[in-house]
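Undergrad:
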Amino acid sequence: MKSVILAGGEGTRLRPLTLQLPKPVVPVLDRPFLQYQLDLLASAGVRDVVFSVAYQPDRVRRVFGDGSAIGRNIIYAIEDTPLGTGGAVRNAWPHLDDLTVVFNGDVLTDVDLPKVVADHRASGATATIVLYPVPNPAAYGLVEFDGSSRVTRFLEKPKPEEITTDTINAGIYVLDSRALELIPPGVSHSIERGFFPALLQRGDLVRAHVHRGYWIDIGTPEKYLQVHADLLDGRFPHAIAAPERGPRAFVDAAASVSDGARLEGPCYVGPGCRIEQGAVVGPGAVLTRDVALASGARVESSVLWAGCTLGPEARVRGALLASKVAVGAHAQVGPGACLGEDARIPDHSRLCAGA
Ligand code: GDD
Ligand code: MG
Numbered sequence: 033m034k035s036v037i038l039a040g041g042e043g044t045r046l047r048p049l050t051l052q053l054p055k056p057v058v059p060v061l062d063r064p065f066l067q068y069q070l071d072l073l074a075s076a077g078v079r080d081v082v083f084s085v086a087y088q089p090d091r092v093r094r095v096f097g098d099g100s101a102i103g104r105n106i107i108y109a110i111e112d113t114p115l116g117t118g119g120a121v122r123n124a125w126p127h128l129d130d131l132t133v134v135f136n137g138d139v140l141t142d143v144d145l146p147k148v149v150a151d152h153r154a155s156g157a158t159a160t161i162v163l164y165p166v167p168n169p170a171a172y173g174l175v176e177f178d179g180s181s182r183v184t185r186f187l188e189k190p191k192p193e194e195i196t197t198d199t200i201n202a203g204i205y206v207l208d209s210r211a212l213e214l215i216p217p218g219v220s221h222s223i224e225r226g227f228f229p230a231l232l233q234r235g236d237l238v239r240a241h242v243h244r245g246y247w248i249d250i251g252t253p254e255k256y257l258q259v260h261a262d263l264l265d266g267r268f269p270h271a272i273a274a275p276e277r278g279p280r281a282f283v284d285a286a287a288s289v290s291d292g293a294r295l296e297g298p299c300y301v302g303p304g305c306r307i308e309q310g311a312v313v314g315p316g317a318v319l320t321r322d323v324a325l326a327s328g329a330r331v332e333s334s335v336l337w338a339g340c341t342l343g344p345e346a347r348v349r350g351a352l353l354a355s356k357v358a359v360g361a362h363a364q365v366g367p368g369a370c371l372g373e374d375a376r377i378p379d380h381s382r383l384c385a386g387a
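All letters in the sequence shown, in the order written, are residues 33 to 387 by our numbering.
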């Protein structure tokens, strides 16, 4: 059993964050996003992983290499032009064996993967799709199934009048790899619009595994902020390695926080950060690494990537800042602002919702 992680999308909805860093390797709290998926896969004994990449493949490779440093065997299947979700899995086929776990490279979940795999094997199905109930399925792939968990219909991005159930495709599949013969090689193909409907039409058994724990697609700024709130509040089970300096105020041992600074949990201060006297790291603040807060600066409900700096009395609230964003003295950023790498916000400026 091996895995393919679909990590070739451009992450357009997360721009400008994803202009310099592809979505699969954006930092999520204390690690690159795909590390969470690699950990889940390892829980099911999967250590051989194919990263299917098309957009900025070298940046993904720079983060994970061949996986040997973390006890994995990572192979890169690179598309010159993106082949779509189905074409990408088909492209990875030469690297796979009998059973394949496919992951959309932008979902975070605590699904019981060992059980999904065991049930799949016991059922003799061609494919098992993990499903998740959501209030509004329109932005996802709708999946209907019967009383014996047999999938009866797969409808990608349904129109409002087509919504018949609340269970969506969670972007995690276990497949009998032989079924990949249904996908034509070398051309663009959607696993959701092409492969799954074709399996159903052929009469293959496709099973539903409904997950009721945690699940999120991190593909939009709102969801990316949400995932951090969930991690800080403990809604997603993840052991944050940094010690707590106050209730859920996690501070890495390699960060320096002045005695005169205030930490209001839940918050996270990563390695290399410097928090000066009078600065406030407020609820919901995530400073991934090497972030500097000058005296009186304040951050809350925001994610700041490596090397960001806040001048004296600067305020950042409800915002996303890519690497090395410099916010000047007394400037105010957010809520809803999303700033790309190296952005400079002059002293005393104000950036509000949606900037
Ligand atoms: N290699 C490769 N090549 N990967 C791709 C390509 C491609 O051409 N296109 C998309 N991907 C990757 C993306 O990087 C992402 O990790 C995953 O495939 C899904 O693509 P998205 O663009 O994020 O799709 P979506 O979120 O609109 O919908 C998909 O995910 C939903 C759950 O979040 C579908 O699978 C829906 O059915 C599903 O409900
Ligand atoms: Mg997505």
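Just so it is clear, CB atoms sit at the ideal spot from N, CA and C, and this is done for glycine as well.
Treat the numbers as computed from the prediction; the structure is a model and nothing was measured.
Identify the continuous alpha helix (DSSP H) that holds Glu254 and give its terminal residues.
TA: 253-265
Undergrad: Residues near the ligand MG, CB to any non-hydrogen atom under 5 Å, in chain order?
TA: With the criterion CB distance below 5 Å from any heavy atom of the ligand MG, the matching residues run Asp138, Asp249, Gly251 along the chain.
Undergrad: Report the partner residues of Gln364 according to the DSSP bridge assignment.
TA: Arg347, Arg382
Undergrad: Three Cβ pairs or more, each shorter than 8 Å: is that satisfied between the stretch 286-298 and the stretch 155-165?
TA: no
Undergrad: Please give the ranges of any beta strand (DSSP E) in the stretch 188-243, keeping only runs that are unbroken, at least 3 residues long and fully inside the region.
TA: 199-208, 238-242
Undergrad: Check for me: the alpha helix (DSSP H) holding Phe268 runs from which residue to which?
TA: That residue, Phe268, is in no alpha helix (DSSP H); it is neither H nor E in DSSP.
Undergrad: Could you tell me the boundaries of the beta strand (DSSP E) in which Asn123 lies?
TA: Run containing Asn123: none in the beta strand (DSSP E); it sits in the alpha helix (DSSP H), 116-124.
Undergrad: Inspect the CB distances between the stretch 121-135 and the stretch 236-255 and report whether three or more fall short of 8 Å.
TA: no
Undergrad: Closest to Gly386 by C-alpha separation, out of Pro378, Gly372, Pro54, Asn168, would be which residue?
TA: The shortest Cα separation from Gly386 among Pro378, Gly372, Pro54, Asn168 belongs to Gly372.
Undergrad: Using a Cβ distance threshold of 8 Å, determine whether the stretch 100-109 contacts the stretch 173-186, with at least three qualifying pairs required.
TA: no
Undergrad: Closer than 7 Å: is that where the CB of Gly41 sits relative to any heavy atom of the ligand GDD?
TA: Yes, since a heavy atom of the ligand GDD falls inside the 7 Å radius drawn around the Cβ of Gly41.
Undergrad: For Val357, which residues in the same chain have their Cβ closer than 6 Å to its Cβ, ignoring the five residues on either side in sequence?
TA: Cys340, Leu371, Ala375
Undergrad: Need the endpoints of the alpha helix (DSSP H) that Leu73 sits in, please.
TA: If you look at Leu73, you'll find it in the alpha helix (DSSP H) that goes 65-75.
Undergrad: Would the beta-carbon of Ile37 fall within 8 Å of that of Leu66?
TA: yes
Undergrad: How would you call Lys34, buried or exposed, if buried means at least 16 neighbouring beta carbons within 10 angstroms?
TA: buried
Undergrad: So within the stretch 100-166, which uninterrupted alpha helix (DSSP H) runs reach at least 4 residues, ignoring any that extend past its ends?
TA: The alpha helix (DSSP H) runs lying completely inside the stretch 100-166 and spanning 4 residues or more are 116-124, 145-155, given in chain order.
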